[in-house]
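**Student:** Numbering (our numbering), first residue to last: 209 to 641.
Even glycine gets a Cβ: it sits at the ideal position worked out from N, Cα and C.
Mind looking over this structure? Questions follow.
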Amino acid sequence: MTDLYDVAVIGAGFAGVTAARDLSMAGHSVVLLEGRDRIGGRTWWAEALGVHLDLGGTYVHWTQAHVWRELKRYGIGLATPMPVTKAYWQADGLVHSGTLAELKQLTTPLATRFFADARVHFPQVDNLAVADASEIDKQTVGDRIDSLQLSPHDRDLLVNAMSILVCSEHEQGLAQLLYWCAICFGDWNAFKEIAGHWPIEGGTGRLINAISAESRAELRLSTPVVAVDDNGREVMVTTRDGQRIRARHVVVALPLNMLDELSVTPPLPQPVRAMIEQKNPIMPSKIWVRVKGEIEPFVIYAPVGKHPINTAHAERRDNGDTLVVCFCSDTSALDGNDREAVQRALRDFVPDIEVVDTVCQDWANDPFARGGWMHHRPGNLTQAAPLMRKPHGRIHFAGADIAGIGVGGIDGAIETGARAAVDVARALDMAIR
Ligand SMILES: Cc1cc2nc3c(=O)[nH]c(=O)nc-3n(C[C@H](O)[C@H](O)[C@H](O)COP(=O)(O)OP(=O)(O)OC[C@H]3O[C@@H](n4cnc5c(N)ncnc54)[C@H](O)[C@@H]3O)c2cc1C
């Protein structure tokens with residue numbers, strides 16, 4: 209058994225690393241316990257295809273206050289994405305092509321109808337009580353799409369437009385999608401740019417490494433935690449290999465889909481336990497593809513369930529080739545490490561494309577994530593998630609999955625990590641007085 213730490217932080221994604229840095233820099237003794245042999249969690253800046261690539265979360269924006277503050281703190285900017293002109297999309301069983309502007313003209317009116325009431329339900333996004341969103345939070349994304357009574361062609365177009373965000377329309381809550389759009393002023397095109405356009409220069413690894421380098425916390429990698437037990441005076445943390453670590457407070461910064469493997473004493477409130485059992489339904493894989501030659505930059509959209517690749521785009525050039533990133537909603541539909549299978553799938557849209565090599569990260573089957581970015585099922589955005597943001601005795605939860613503004617993203621991970629650090633620091637301070 210080790211000494212008594214002020215704080216044990218569990219999980220070294222953006223939330224946990226931020227909490228550990230803030231608390232350790234405030235002079236508290238902090239141990240950061242991470243299951244993997246690396247930090248970063250659902251972001252992963254790794255060497256692959258002869259370059260460095262983001263295999264998980266990637267895009268951020270200057271309107272995201274928390275990640276922007278961190279980028280400025282470490283003097284890190286954004287990479288400039290390659291402009292895309294060509295678009296391919298599948299609708300009503302056929303592949304169509306045109307310019308990106310032409311595709312936008314077709315999809316914007318549909319998306320505008322879908323998101324028309326986003327600001328009505330979320331007029332003041334930092335205060336869910338201002339307008340009662342509980343009714344809207346009973347519906348799924350699919351309920352809303354069905355209610356628009358679109359032709360099969362237009363339905364496919366709308367699903368295409370949202371395909372980077374919607375993997376499972378009958379499980380994902382409508383409220384989160386409307387909430388995200390309301391945060392972006394209710395403007396669909398602003399929302400698209402904010403959610404998925406600007407990568408960090410040097411990758412997410414550059415930012416999380418900078419935060420970690422400033423931290424004074426003791427980092428223990430390859431240390432999965434199986435239990436946290438708050439006896440009212442301190443918390444006992446038990447690791448998978450039987451180590452027991454004592455701490456005055458604990459910050460749990462794990463993905464929602466890992467929490468059913470963590471024993472928490474005293475038990476969590478019932479709505480939170482129900483949310484943990486229901487799980488995050490987003491089960492994606494991300495595939496990077498090295499394509500021969502400097503081909504015309506393109507985007508591809510295909511409706512979820514009707515093609516193994518739901519969205520792809522050419523992101524950058526390297527050494528005379530083009531690097532293309534693909535997102536798949538059903539990881540069993542395509543083996544992203546099978547070069548020929550990926551080439552066949554891409555050739556449904558770009559007939560002469562030549563795939564040189566691929567790398568795939570299957571987040572659905574990742575043993576420390578068991579899912580992708582968070583999308584709440586109906587009810588949980590407005591009920592269980594806010595409950596989980598409150599301290600549970602000496603146990604504090606953090607992470608993008610339970611964030612308010614920033615839910616499901618790097619910004620939300622940083623915000624909740626910083627907020628948990630403030631809550632713990634205050635509690636430690638009160639105990640001294
Ligand atoms: C394919 C994909 C694309 C995405 N795109 C974007 C994007 O473009 N922009 C954006 O903002 N967000 C994006 N996201 C979401 C974003 O990556 C996450 O919301 C964010 O990184 C989550 O951070 P976190 O710290 O809350 O959780 P995680 O990053 O999941 O960190 C949790 C940590 O806990 C560890 N852990 C798990 N179980 C245990 C255990 N029992 N004991 C100890 N440690 C454990 C994990 O290994 C992990 O390191 C994307 C995610 C995916 C998967």
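To the nearest angstrom, how far is it from the Cα of Pro-463 to the Cα of Thr-316?
**Tutor:** Whole-angstrom Cα-Cα distance: 33 angstroms.
**Student:** What does Gly-306 pair with, by DSSP beta-bridge criteria?
**Tutor:** Its beta-bridge partners are Ala-295.
**Student:** Report, in whole angstroms, the separation of the C-beta atoms of Ala-341 and Ala-383, which I expect to be a contact under 8 angstroms.
**Tutor:** About 6 angstroms; that satisfies the 8 angstroms criterion.
**Student:** Under 8 angstroms, do Val-558 and Phe-506 count as touching if we go by C-beta distance?
**Tutor:** Yes, the Cβ-Cβ distance between Val-558 and Phe-506 is below 8 angstroms.
**Student:** Just the C-alpha distance for Val-215 and Leu-467, rounded to the nearest angstrom, thanks.
**Tutor:** Cα to Cα, Val-215 sits roughly 19 angstroms from Leu-467.
**Student:** What residues are listed by DSSP as bridge partners for Glu-426?
**Tutor:** Answer is Val-239, bridged to Glu-426.
**Student:** So what does DSSP say about Ala-287, is it helix, strand or coil?
**Tutor:** Residue state, collapsed to three classes: coil.
**Student:** Report yes if the C-beta distance between Ala-295 and Ala-629 is below 8 angstroms; otherwise report no.
**Tutor:** Not a contact, by the Cβ cut-off of 8 angstroms.
**Student:** Less than 7 angstroms between the CB of Met-444 and some heavy atom of ligand 1, yes or no?
**Tutor:** Incorrect: Met-444 has no Cβ contact closer than 7 angstroms to ligand 1.
**Student:** Where does His-405 fall in DSSP's three states?
**Tutor:** His-405 falls in the coil class under three-state DSSP.
**Student:** Excluding the five sequence neighbours on either side, which residues of its own chain have a C-beta within less than 8 angstroms of the C-beta of Leu-205, listed in chain order?
**Tutor:** With the chain covering 209 to 641 only, the question about residue 205 has no answer from this structure.
**Student:** Between which residues of its own chain and Glu-523 is the CB-CB distance below 8 angstroms, once the five residues before and five after are set aside?
**Tutor:** The residues are Pro-289, Met-290, Pro-407, Leu-531, Val-532, Val-533.
**Student:** Name the residue from Gln-332, Val-333, Val-217, Pro-511 whose alpha carbon lies nearest to the alpha carbon of Asp-362.
**Tutor:** The candidate whose alpha carbon is nearest that of Asp-362 is Pro-511.
**Student:** For Glu-377, count neighbouring C-beta atoms within 10 Å of its own C-beta (all shown protein chains included) and say buried if the count is 16 or more, exposed if not.
**Tutor:** Counting Cβ neighbours within 10 Å, Glu-377 comes out buried, since at least 16 surround it.
**Student:** Taking 7 angstroms as the cut-off, is the beta-carbon of Thr-251 closer than that to any non-hydrogen atom of ligand 1?
**Tutor:** Yes, since a heavy atom of ligand 1 falls inside the 7 angstroms radius drawn around the Cβ of Thr-251.
**Student:** Using a Cβ distance threshold of 8 angstroms, determine whether the region 615 to 624 contacts the region 266 to 283, with at least three qualifying pairs required.
**Tutor:** Flag = yes, the region 615 to 624 and the region 266 to 283 touch.
**Student:** Following the continuous alpha helix (DSSP H) through Asp-230, name the residue where it begins and the one where it ends.
**Tutor:** Its alpha helix (DSSP H) spans residues 222 to 233.
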